[in-house]
Amino acid sequence: MIYGLRKYFLDKGSAPKLPEAFSSNSTGPSPLDILALNIIDEDVLFPILLHATAFEYNIPSRLSPEREWTALEVQQALAEITGDYNIICPVIKFADAYSEAPNSQVFLYSFEHHSSGWTWPNWTGVMQGYEAEYVFGAPLNFKFQSNFYKFSEEERLFSNQIMQFWANFAATGSPSLRPDEFNTHSKNLNWNNYEVRQTIMKGDKEFDISREYIVLKSPTSRIEHNLKRRRCLFWHEQLPMMRQKMIRRCQTSPPKEQKPTDRLNIQPLPASQTAKWQMPAFTTLTSASTTNKPSLISITCKVIATVIASVEMFY
């Protein structure tokens, strides 16, 4: 999301700086505008799909009953959708497909530890790829810490645990099984193979334990199931189904051609308004301005066909 926000809120060479608050009466972009123009792909840029996404993730829009949204609310909503759309759900889709292949060995993890020495703002959460520091033992490397940032003693133990998981997997094919062991049944934290469909019986009740994964977090990692299941079904099933229905409707009953509404007119804010877009940890130099708050995008069946053709040519 840090890169996706640069069009509006990035001063060259720095991190994004969001305004103190977003208002439904503001002349700047709404969170839904930011989502459409910077984060998601063309094949989702239909108004009905955008508003379905806003509803699913509680993303503020000009149709929301709330009239004003804090920067933190906007940050959290956009950060979650960016992570799900670009990273988490595509990885889970791959894990689902690969795990159903014969003799597959898939082990899924979610790294959720925010290192004590990180300088990123808390709203960024845990950045993608930062588990590599623990996999390669950065908390045990004092030269790394003298050049970058420090780790706690607890994080050094956490790094040892992660390195053991990775070494076990390389040696035995299972992150929980060491080369000198025969089984893992007695372990409190047993990281099992990822399977799409798996249930167990406890008494006369059946429990779903599908899609097992480990949450890697200090001081205590844990086993969970069905990571982001609802949200990934939304991206991989619900939205594509809605999109296909729109396409079929256009193909069978094309509407009369209409003039599109004006597109967003991106302009810098006047200097007199810039001060309203500041907060202690954030500084905004430029933003977007629209005149009469036009609809985000006016889509006709002709536009839908053009977008589909462009996507098919790209792939």
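Mapping the sequence shown onto the UniProt record's numbering, position 231 (from 1) lands on 231, and the numbers just tick up by one.
Just so you know, even glycine gets a beta-carbon here, dropped at the ideal spot from N, CA and C.
query, result
"Separation of isoleucine 48 from aspartate 41, as counted between CA atoms", "15 Å"
"Touching by the beta-carbon criterion (3+ pairs, under 8 Å), the stretch 142-155 and the stretch 168-176", "no"
"Inter-residue Cα distance where the pair is glycine 137 and cysteine 250", "56 Å"
"Beta bridge counterpart(s) of tyrosine 213 as assigned by DSSP", "Leu108 and Glu224"
"For tryptophan 120, the three-state DSSP class (helix, strand or coil)", "coil"
"Test item: CB-CB of isoleucine 34 and leucine 72 under 8 Å", "no"
"Residue range of the alpha helix (DSSP H) that includes glutamate 73", "71-83"
"Distance between methionine 163 and arginine 178 (C-alpha atoms, nearest Å)", "12 Å"
"The stretch 124-135 contacting the stretch 233-246, beta-carbon criterion three pairs below 8 Å", "no"
"Cβ-based neighbour list, arginine 156, same chain, cut-off 7 Å, excluding 5 preceding and 5 following", "Pro139 and Leu140"
"Cβ-based neighbour list, alanine 95, same chain, cut-off 7 Å, excluding 5 preceding and 5 following", "Val106, Leu108 and Tyr194"
"Three-state secondary structure (DSSP) of lysine 143", "helix"
"Backbone CA spacing between threonine 166 and lysine 93 [nearest angstrom]", "Reading the sequence as shown, one finds tryptophan at residue 166 and not threonine. Going from the Cα of tryptophan 166 to the Cα of lysine 93 covers about 22 Å."
"Own chain residues within Cβ distance below 6 Å of tyrosine 130, not counting five before or after", "none"
"Distance, threonine 220 Cα to phenylalanine 169 Cα", "20 Å"
"Leucine 227 versus tryptophan 235 - alpha carbon distance", "14 Å"
"Presumed contact (8 Å Cβ cut-off) between alanine 54 and leucine 32, rounded CB distance", "6 Å"
"Same chain only: Cβ atoms within 6 Å of isoleucine 81, ignoring 5 sequence neighbours per side", "Tyr57"
"Burial state of methionine 313 (16 or more Cβ within 10 Å)", "Note that methionine 313 has pLDDT 45, beneath the 50 cutoff, so the model's placement of it is unreliable and no number is given."
"Own chain residues within Cβ distance below 8 Å of phenylalanine 182, not counting five before or after", "none"
"Environment of isoleucine 87 [buried if 16+ CB atoms lie within 10 Å]", "exposed"
"Alpha helix (DSSP H) segment containing leucine 239, residue limits", "239-252"
"Per-residue burial, valine 74 [other beta carbons within 10 Å of its own, 16 or more giving buried]", "buried"
"Residue from Asn103, Arg197, Ala101 and Arg222 whose Cα sits closest to the Cα of phenylalanine 158", "Arg222"
"Under 8 Å between C-beta atoms of lysine 217 and glutamate 112", "yes"
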